[in-house]
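**Student:**
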Amino acid sequence: AQSVSQHNHHVILSEAASLELGCNYSYGGTVNLFWYVQYPGQHLQLLLKYFSGDPLVKGIKGFEAEFIKSKFSFNLRKPSVQWSDTAEYFCAVRDYNTDKLIFGTGTRLQVFP
Amino acid sequence: EAGVAQSPRYKIIEKRQSVAFWCNPISGHATLYWYQQILGQGPKLLIQFQNNGVVDDSQLPKDRFSAERLKGVDSTLKIQPAKLEDSAVYLCASSRTGANIYNEQFFGPGTRLTVL
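Each protein sequence line maps, in turn, to chains A and B. With the first sequence counted from 1, adding 14 to any position gets you our numbering. With the second sequence counted from 1, adding 307 to any position gets you our numbering.
Below, the structure written as structure tokens:
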């Protein structure tokens, strides 16, 4: 079955630092890939998604992610983080066989001013 | 557009008690999902409804969990009896339909359940 790995469980950065959060999924074929964000006290929100086409996907709030098929990866990046980016970030893949959304374990990001 | 509503937001019960959660999806969304999110893990799908029919309940512990979506709108998830390991956040999500791969799932705020 499809699975998702997020290698960074807890990341601490200062404002203006660059961010890259890793995400790998377990097997190939057609996949849809997502990054969700959960700000403190708020619900899960979609940050960006990849379905097809340009492997570099732009999302909200300056985030982007790159789909690298050969590496089964979909890493999230932001060139300069802000204190307001403090949140938990979840990578997810849509498994075409089961049509389920499979989530990673999440990465907690803390940004200090 | 109003989001997905869930209640209660928090619930504390003792083991072996029963509990129920309620979800009201976004208007017009045919597909409704219940997820369980245990601390330190990502959300895991428990059950998916398409209108008032169950599409997938393969991950639902049916000996203690049940869910229904009468009239294809609101849904309730019940646990009876609860165990300590059921402590988690229960998320409800909805989307326009599960048939179209471009449909985004919108999540509610969740219900945080603590079983003592």
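By construction, the Cβ of each residue, glycine as well, lies at the ideal position given by its N, Cα and C atoms.
For a contact meaning CB atoms closer than 8 Å, what does E411(B) contact in chain A?
**Tutor:** L60, K63
**Student:** Once you ignore the five residues that flank T421(B) on each side, which residues in its own chain have a CB closer than 6 Å to its CB?
**Tutor:** Closer than 6 Å at the Cβ level, and outside the excluded window around T421(B), lie I319, S394.
**Student:** To the nearest angstrom, how far is it from the Cα of Y317(B) to the Cα of L398(B)?
**Tutor:** 12 Å
**Student:** Determine the chain B residues that contact L115(A) at a beta-carbon separation under 9 Å, and present them in chain order.
**Tutor:** Near L115(A) (Cβ distances below 9 Å), the residues of chain B are Y340, Y342, P350, L352, A400, Q412.
**Student:** Tell me which residues share the same chain as R419(B) and place their Cβ nearer than 6 Å to its Cβ, disregarding the 5 neighbours each side in the sequence.
**Tutor:** Y317, V396
**Student:** Check D393(B) in the structure and name its three-state DSSP category.
**Tutor:** In the structure shown, D393(B) falls within a helical segment according to DSSP collapsed to helix, strand and coil.
**Student:** Let me know the secondary structure DSSP gives S19(A) once reduced to three states.
**Tutor:** In the three-state reduction of the DSSP assignment, S19(A) falls in the strand class, which pools E and B.
**Student:** Can you tell me where the beta strand (DSSP E) with V71(A) in it begins and where it stops?
**Tutor:** 70-72
**Student:** Would V45(A) and D113(A) be called neighbours here (beta carbons separated by less than 9 Å)?
**Tutor:** no
**Student:** Any idea if K92(A) is buried or exposed, counting beta-carbon neighbours within 10 angstroms, 16 or more meaning buried?
**Tutor:** Classification for K92(A): buried.
**Student:** Between which two residues does the beta strand (DSSP E) harbouring T338(B) extend?
**Tutor:** 338-344
**Student:** Taking just the CA atoms, how far does K85(A) sit from S28(A)?
**Tutor:** 29 Å
**Student:** To the nearest whole angstrom, what separates the beta carbons of Y50(A) and A106(A), a pair I think is in contact under 8 Å?
**Tutor:** 6 Å
**Student:** Does A374(B) pass the burial test, meaning 16 or more other C-beta atoms within 10 Å, or should it be called exposed?
**Tutor:** buried
**Student:** Which ranges would you report for the beta strand (DSSP E) in the stretch 339-379 of chain B if only whole runs of at least 3 residues count?
**Tutor:** 351-357, 360-363, 372-375
**Student:** S84(A) by DSSP, collapsed to three states: which one?
**Tutor:** Assignment of S84(A) by DSSP, reduced to helix, strand and coil, places it in the helix class.
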